[in-house]
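In the UniProt record's numbering, the protein residues as written are 1 to 961. Where a beta carbon is used, it is the ideal one built from N, C-alpha and C, also for glycine. The block underneath contains the structure these notes are about, expressed in structure tokens.
Structure below.
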């Protein structure tokens with residue numbers, strides 16, 4: 001049977017085209033049920049003849065579930081439970097889900113592909129008895145609902161009646177749309193909502209009720225706590241008139257009653273302060289804001305404020321009084337008036353036990369401090385209190401202090417390293433599932449060898465003395481170097497990069513997976529590879545003594561490191577040695593070693609120093625970040641020692657030539673492909689970003705000039721205190737935090753002067769040197785290969801829009817990988833300090849109104865010493881701290897604390913509450929009676945004013961047995 005679909009389409013010129021498409025209808029589409037007496041028998045029937053025991057007593061008879069679109073969109077956590085079986089998914093529903101949520105669609109496809117789940121897709125759009133035309137004035141959504149009801153009615157008749165014989169299987173339409181359910185009931189169909197279905201769950205399935213989305217539960221009897229949000233139409237009109245602005249909301253980590261909104265047209269993020277002004281915005285949401293009158297502008301709070309109440313109920317107490325700052329220090333302040341797009345996801349965290357015995361309502365505390373607490377209902381609290389769990393937000397109604405959500409699943413015991421690692425990966429959206437069979441099928445077969453045909457297409461560099469220099473234990477070696485003197489007296493220097501693009505061809509499953517993952521993620525005790533291990537640690541890794549494919553960038557330099565000539569080619573190399581930074585440094589320093597490797601390394605090191613000096617003179621910044629390295633037990637993988645990373649000349653040597661290669665390749669691909677080269681830029685920070693750095697330096701008697709990168713670099717070089725050797729490093733750490741994120745972009749999307757990399761003072765830059773662990777480098781390899789005729793282009797490689805979207809994913813994944821790495825360090829710090837305490841040299845990084853923020857150089861991490869309680873009361877009896885807002889000091893008696901002052905602190909882990917295990921910082925010196933803890937060594941002298949004495953040398957306590 002044939003019917004026509006008619007569409008009207010408006011062209012770019014304004015003409016109207018009538019498009020008629022033929023739509024074929026059939027009467028022989030299989031229903032998928034083994035219980036059917038009408039369709040031809042099929043041994044591969046998906047739906048069982050006798051439906052197994054239902055999870056619910058809502059309908060006593062055996063039945064199949066037929067799902068409405070909203071059930072799939074909002075109840076996927078329930079549908080993924082293995083107990084939910086024998087389910088019919090209409091093509092109408094599948095198509096609508098595909099267009100409304102790519103994430104949910106992918107999860108649904110995973111269920112449909114699992115034969116054990118018994119989910120069947122019925123192509124109702126092409127069955128003559130289930131297809132319906134759209135009626136005049138009917139919305140697409142209403143027509144889809146009618147299609148679903150029609151298919152439900154057809155299935156009920158098709159299975160229930162056949163030649164006078166009744167089968168035992170019925171159909172139940174599951175829908176969270178009240179209107180759709182009402183119309184289905186009028187047709188005599190069996191229907192209910194997901195909540196109604198699961199509230200009647202049998203005892204052994206009762207826990208599944210926890211997974212029901214709470215998005216439609218409302219409480220009209222409660223008074224609203226928050227202002228109502230504007231509708232999308234009102235927001236659109238407000239933005240169009242200029243009364244409203246939109247931007248991404250960023251919640252504060254240090255104060256849960258504060259956040260910012262980045263508006264494209266405003267240089268500095270707009271401050272949002274106070275619960276009513278935040279108006280239920282959650283970190284990551286796209287929101288509409290209305291600027292407050294200038295008389296109501298505020299200054300960012302200098303209080304560290306954490307929501308620590310157990311369960312205050314649905315009430316909102318007045319916001320704490322924020323300090324009133326001079327008008328000059330206040331910032332543009334706004335209030336959130338509407339939500340344009342929610343960016344909710346699933347969150348990891350813990351449950352707080354309810355103070356009402358037997359209650360099913362509980363508060364969930366997310367691991368991410370920027371996310372508000374979430375109210376959920378669960379009947380498994382006794383079990384879940386000791387577990388890390390995952391929760392999803394369903395809604396945040398006006399009457400509720402916290403958003404409402406539902407339990408998704410448990411991860412494992414709190415404090416278990418395996419569980420906490422999983423939390424880190426999930427919280428930072430790191431793809432870490434095993435590679436699929438489709439991806440693994442793209443890998444070369446072993447044994448893999450380089451053939452004579454391969455050598456004909458590449459430059460043979462196996463005889464050159466090439467070696468790699470990497471951190472200890474590195475197995476994904478993607479770069480190697482060589483240097484040799486040429487007959488004309490110049491030096492040939494080569495950077496050889498693993499040719500990963502040879503193995504990852506465009507459009508394959510392996511390529512798509514690598515593009516999605518975007519980067520390798522390095523945790524303290526494990527690595528989440530971007531590509532399968534066969535490539536990352538074997539065939540692409542430039543291991544010593546093994547022949548490998550490479551992409552080589554080779555320069556001819558004079559003795560002053562000036563480039564005379566540059567060439568690029570695909571090559572075959574054989575690294576003479578895979579060295580660590582320490583091993584390479586020993587070879588360079590040992591003058592008795594004169595072999596080719598030692599000679600090459602010394603030439604490279606000498607040229608690198610010239611290159612670095614030239615970069616810094618041009619304004620490149622030398623910044624700092626507190627980095628530490630854990631030594632872990634080879635069997636348990638628990639940390640047994642920790643220390644700050646030591647940087648050697650060889651670290652800088654490798655870095656300089658990687659930077660030089662990246663700049664050279666950027667120039668080449670941008671010259672050849674000016675519209676579609678993948679580059680990396682580092683935007684110049686707004687001057688407002690530097691305020692914390694400038695103020696901190698001013699209080700120490702130094703002026704930091706930030707009008708250009710060169711002036712900033714010079715100012716930092718000059719800010720040195722002979723009596724505090726760590727002072728300059730701390731300034732550079734603060735400077736790092738003022739910086740913008742470096743990002744990938746496509747050359748044709750920005751003006752040439754926007755390509756600049758601020759931190760490196762480079763006019764143009766890209767990533768070419770790490771294709772094993774960065775997908776951006778693979779794209780750059782493909783572009784460079786096309787430039788030199790070593791490979792051909794393909795349409796997607798030269799598509800600006802596709803690659804701009806790819807850049808967005810690369811930037812997001814890279815940012816999340818950085819955060820995951822830091823979280824892993826924090827986790828292992830906790831593990832290291834279990835049953836242990838140490839007194840260590842530290843420095844004050846920031847003075848807050850209620851706290852001192854401390855940096856411990858040895859371990860490279862920060863902590864907080866609170867000096868007042870929640871309401872600015874004395875934290876310990878008889879001890880009173882006075883905060884000077886002008887001078888940014890805290891005074892207790894004769895002891896004055898300023899930023900960058902040296903102190904001694906005791907580090908220990910507070911495990912008294914398994915739910916809130918945390919690293920505790922306590923002051924040892926200067927000693928304040930009733931506040932400081934006593935040193936493990938001799939009784940400390942009474943603390944003197946800053947500068948009169950340095951803190952006593954830190955002493956370590958013995959490890960607890």
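Review point. Which value, in whole angstroms, describes the spacing of the CA atoms of residue 80 and residue 111?
Key: As a first step, residue 80 is located in the chain shown; it is residue number 80 there, counting from the start. As a first step, residue 111 is located in the chain shown; it is residue number 111 there, counting from the start. As the crow flies, the alpha-carbon of residue 80 is around 7 angstroms from that of residue 111.
Check your understanding: Is the number of C-beta pairs between the region 499–515 and the region 780–787 that are closer than 8 angstroms three or more?
Key -> In this structure the region 499–515 touches the region 780–787; the number of beta carbon pairs closer than 8 angstroms is three or more.
Check your understanding: Hey, is the region 276–291 in contact with the region 237–257, meaning 3+ C-beta pairs nearer than 8 angstroms?
Key -> The region 276–291 vs the region 237–257: in contact.
Point to revise | Pairwise C-alpha distance: residue 389 and residue 409 | key: What you label residue 409 is simply residue 409 of the chain shown in a count that begins at 1. What you label residue 389 is simply residue 389 of the chain shown in a count that begins at 1. Answer to the nearest angstrom: the Cα atoms are 6 angstroms apart.
Review point. Do you know how far the Cα of residue 73 is from the Cα of residue 880?
Key: Position 880 of the chain shown, counting from 1, holds the residue named residue 880. Position 73 of the chain shown, counting from 1, holds the residue named residue 73. Each residue's CA atom was taken as its position, placing residue 880 and residue 73 some 55 angstroms apart.
Check your understanding: In the region 564–589, which residue ranges form an unbroken beta strand (DSSP E) of at least 3 residues, counting only runs that do not cross its ends?
Key -> Whole beta strand (DSSP E) segments, 3+ residues: 577–580.
Point to revise | residue 690 beta carbon less than 9 angstroms from that of residue 714 | key: In the chain shown, the residue the question calls residue 714 occupies position 714. In the chain shown, the residue the question calls residue 690 occupies position 690. In this structure, residue 690 does not lie closer than 9 angstroms to residue 714 by Cβ.
Check your understanding: Start and end of the beta strand (DSSP E) containing residue 64?
Key -> If you number the chain shown from 1, residue 64 lands on position 64. Counting along the chain, the beta strand (DSSP E) containing residue 64 begins and ends at 63–67.
**Study point:** residue 871 versus residue 845: straight-line alpha-carbon distance, rounded
**Key:** Here residue 871 refers to the residue found at position 871 when the chain shown is read from its first residue. Here residue 845 refers to the residue found at position 845 when the chain shown is read from its first residue. Any reading at residue 871 must be qualified, since the residue scores a pLDDT of 48, below 50, and its modelled position is unreliable; the value itself is stated next. Straight-line Cα distance between these residues: approximately 23 angstroms.
Practice item. Give the DSSP-derived three-state secondary structure of residue 748 in the structure shown. Key: Indexing the chain shown from 1 puts residue 748 at position 748. Helix, per DSSP.
Review point. Would you call residue 130 buried or exposed, if buried means 16 or more other Cβ atoms sit within 10 Å of its Cβ?
Key: Against the chain shown, residue 130 aligns to sequence position 130. With 16 or more other Cβ atoms inside 10 Å of its own Cβ, residue 130 counts as buried.
Exercise for review: Using beta-carbon positions only, say whether residue 339 and residue 283 come within less than 9 angstroms of one another.
Suggested key: As a working note, residue 339 is residue 339 in the chain shown. As a working note, residue 283 is residue 283 in the chain shown. In this structure, residue 283 does not lie closer than 9 angstroms to residue 339 by Cβ.
Review point. Which value, in whole angstroms, describes the spacing of the CA atoms of residue 188 and residue 119?
Key: In the chain shown, residue 188 corresponds to position 188, counting from 1. In the chain shown, residue 119 corresponds to position 119, counting from 1. Inter-residue distance for residue 188 and residue 119 is about 24 angstroms (C-alpha atoms, whole angstroms).
Practice item. Mark residue 436 as exposed unless 16 or more other C-beta atoms lie within 10 angstroms of its C-beta, in which case mark it buried. Key: As a first step, residue 436 must be located in the chain shown, where it is residue number 436. Its Cβ having fewer than 16 others within 10 Å, residue 436 is exposed.
Check your understanding: In the structure shown, what three-state DSSP assignment does residue 603 receive?
Key -> Residue numbering aside, residue 603 sits at position 603 when the chain shown is read from its first letter. Of the three classes helix, strand and coil, the one that applies to residue 603 here is helix, per DSSP.
Practice item. Determine the direct distance from the alpha carbon of residue 344 to that of residue 65, and round the result to whole angstroms. Key: Residue mapping note: residue 65 aligns to position 65 of the chain shown, counting from 1. Residue mapping note: residue 344 aligns to position 344 of the chain shown, counting from 1. It is roughly 28 angstroms from the alpha-carbon of residue 65 to the alpha-carbon of residue 344.
Exercise for review: Measure the alpha-carbon distance for residue 652 versus residue 479 and round it to whole angstroms.
Suggested key: Within the chain shown, residue 652 is the residue found at index 652, counting from 1. Within the chain shown, residue 479 is the residue found at index 479, counting from 1. Each residue's Cα considered, the two are about 14 angstroms apart.
Review point. Looking at the structure shown, is residue 22 part of a helix, part of a strand, or coil, going by DSSP?
Key: Counting from 1 along the chain shown, the entry for residue 22 is found at position 22. Strand, per DSSP.
Check your understanding: Can you name the residues that DSSP bridges to residue 853?
Key -> On the chain shown, residue 853 is found 853 positions in, with the first residue counted as 1. Paired residues: 846, 864.
Check your understanding: Does DSSP put residue 449 in a helix, a strand or coil?
Key -> In the chain shown, counting from the first residue as 1, residue 449 sits at position 449. Note: residue 449 maps to coil in three-state DSSP.
Check your understanding: Can you tell me where the beta strand (DSSP E) with residue 333 in it begins and where it stops?
Key -> To locate residue 333, count along the chain shown from 1; it is residue 333. In the DSSP assignment, residue 333 falls within the beta strand (DSSP E) that extends over 333–341.
Point to revise | Contacting residues, own chain, Cβ-Cβ under 7 angstroms from residue 477 (five flanking each side not counted) | key: Start at 1 with the first residue of the chain shown, and residue 477 comes out as number 477. So the qualifying residues of the chain are 468, 470, 541, 542, 543, 578.
Check your understanding: Can the beta-carbon of residue 859 be found less than 9 angstroms from the beta-carbon of residue 907?
Key -> Residue mapping note: residue 859 aligns to position 859 of the chain shown, counting from 1. Residue mapping note: residue 907 aligns to position 907 of the chain shown, counting from 1. Yes, the pair counts as a contact, with Cβ atoms nearer than the cut-off.
Check your understanding: Anyone know if the C-beta pair for residue 169 and residue 49 falls short of 9 angstroms?
Key -> Here residue 169 corresponds to residue number 169 of the chain shown, with the count starting at 1. Here residue 49 corresponds to residue number 49 of the chain shown, with the count starting at 1. Contact: yes.
Practice item. Assign residue 443 to one of three DSSP states: helix, strand, or coil. Key: Translated into the one-based positions of the chain shown, residue 443 becomes position 443. Residue state, collapsed to three classes: coil.
Review point. Looking at residue 813 and residue 519, is the spacing between their C-beta atoms short of 9 angstroms?
Key: As a first step, residue 519 is located in the chain shown; it is residue number 519 there, counting from the start. As a first step, residue 813 is located in the chain shown; it is residue number 813 there, counting from the start. Result yes, Cβ atoms of residue 519 and residue 813 sit closer than 9 angstroms.
Exercise for review: Spatial neighbours of residue 262 within its chain, please: CB distance less than 7 angstroms, with the 5 preceding and 5 following residues excluded, ordered by chain position.
Suggested key: The residue labelled residue 262 in the question sits at position 262 within the chain shown. The answer, listed in chain order, is 247, 248, 250, 269.
**Study point:** Distance between residue 174 and residue 121 (C-alpha atoms, nearest Å)
**Key:** Sequence index remark: in the chain shown, residue 121 carries index 121 (1-based). Sequence index remark: in the chain shown, residue 174 carries index 174 (1-based). Put simply, the backbone Cα of residue 121 is about 16 angstroms away from that of residue 174.
Check your understanding: Are the beta-carbon atoms of residue 333 and residue 370 separated by less than 9 angstroms?
Key -> On the chain shown, residue 333 is found 333 positions in, with the first residue counted as 1. On the chain shown, residue 370 is found 370 positions in, with the first residue counted as 1. Residue 370 is positioned such that its CB atom lies no closer than 9 angstroms to that of residue 333.
Review point. Can you list the beta strand (DSSP E) stretches of 3 or more residues lying completely in the region 35–120, in chain order?
Key: For the region 35–120, whole beta strand (DSSP E) runs of length 3 or above, ordered along the chain, are 63–67, 87–90.
Check your understanding: Straight-line CA distance for residue 399 to residue 374?
Key -> The residue you call residue 399 lines up with position 399 of the chain shown. The residue you call residue 374 lines up with position 374 of the chain shown. For residue 399 and residue 374, the distance between alpha carbons rounds to 14 angstroms.
Practice item. Counting only runs of 4+ residues fully inside the region 190–217, write out the alpha helix (DSSP H) ranges in chain order. Key: Taken in chain order, the complete alpha helix (DSSP H) segments of 4 or more residues contained in the region 190–217 are 194–199.
**Study point:** At least 3 beta-carbon pairs within less than 8 angstroms: the region 881–896 vs the region 823–833
**Key:** No contact exists between the region 881–896 and the region 823–833.
**Study point:** C-alpha distance - residue 405 paired with residue 395, whole-angstrom precision
**Key:** Against the chain shown, residue 405 aligns to sequence position 405. Against the chain shown, residue 395 aligns to sequence position 395. Roughly 7 angstroms separates the two Cα atoms.
Check your understanding: Alpha carbon to alpha carbon, what distance is there between residue 139 and residue 17?
Key -> On the chain shown, residue 17 is found 17 positions in, with the first residue counted as 1. On the chain shown, residue 139 is found 139 positions in, with the first residue counted as 1. One alpha carbon belongs to residue 17, the other to residue 139, and they sit about 21 angstroms apart.
Exercise for review: Kindly confirm or deny that the region 426–445 and the region 527–540 touch, where touching means at least three C-beta pairs closer than 8 angstroms.
Suggested key: With the cut-off at 8 angstroms, the region 426–445 and the region 527–540 touch.
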